[in-house]
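Everything on this sheet refers to the single structure shown next.
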Amino acid sequence: MIGQDTFISCTPYGIIKMLEAYNIEIEGKHAVVIGRSNIVGKPLSQCLLNKNATVTICHSRTRNLSEITRTADILISAVGKTDMVTADMIKDGAIVIDVGMNRNDEGKLVGDVDFEKVKEKASYITPVPGGVGPMTIAMLMNNVIKATKLQNGIKD
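Residue numbers for the sequence shown follow our numbering, so the first one is 11 and each next one is one higher.
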């Protein structure tokens, strides 16, 4: 449970809320986060730990990345590199969350995950655009409302 005066970075909070909305169990799962930023990777890893996941943090220079990602029940990529995650990098039935925001050679907005190929193996996968982005905006609004209530002494 998140307290009334606790604020979480919007994208990680949105990802947790998305997993909860789809009744995806986090506890006891192996979550691999590709990305170590202070805005997404690190706070998301802490959120997952708080939900009792076993968390491995990787990045673009992790050696044997594919070996690690193939062990993930939940794989989250937040690196910002087109096609960073390919179908051979995930195990069958994995949950794949794509936080990446990139432009391909044609100028189309794409994520870090090769969506078309990975969707055949994943049990759940987020698209780019339209996946994590709207959840980030929703959690931003949530934090604004929470801050306004705190500022005005309003209790839930």
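For glycine and all other residues, C-beta sits at the position ideal for the given N, C-alpha and C.
CB contact below 9 Å: residue i versus chain B
| i | result |
| --- | --- |
| I18 | The structure shown contains no chain B, having only a single protein chain. |
Pair within 9 Å by beta-carbon distance, residue i and residue j
| i | j | result |
| --- | --- | --- |
| V120 | N114 | yes |
| T16 | V42 | no |
| F125 | V109 | no |
| I25 | I107 | yes |
| I44 | V89 | yes |
| Y32 | N152 | no |
| I84 | I36 | yes |
Bridge-paired residues (DSSP) for residue i
| i | result |
| --- | --- |
| Y23 | Y23 is not bridged to any residue. |
| N112 | V120 |
| S87 | I44 and D108 |
| Y134 | I105 |
CB-CB length for residue i against residue j, believed under 8 Å
| i | j | result |
| --- | --- | --- |
| P53 | S19 | 4 Å |
| M111 | K27 | Contact doesn't hold; Cβ gap of about 19 Å is too wide. |
Between the CA atoms of residue j and residue i - distance to the nearest angstrom
| i | j | result |
| --- | --- | --- |
| T66 | K118 | 30 Å |
| A157 | I147 | 15 Å |
| E77 | K129 | 19 Å |
| G143 | M149 | 10 Å |
| K91 | S70 | 9 Å |
| I105 | T79 | 11 Å |
| D98 | K61 | 28 Å |
| M94 | I100 | 12 Å |
Three-state secondary structure assigned by DSSP to residue i
| i | result |
| --- | --- |
| V65 | strand |
| A41 | strand |
| V128 | helix |
| V95 | strand |
| V50 | coil |
Proximity test, residue i beta-carbon vs the ligand SAM heavy atom, cut-off 8 Å
| i | result |
| --- | --- |
| S47 | The model on display carries no ligand, and the ligand SAM is accordingly not part of it. |
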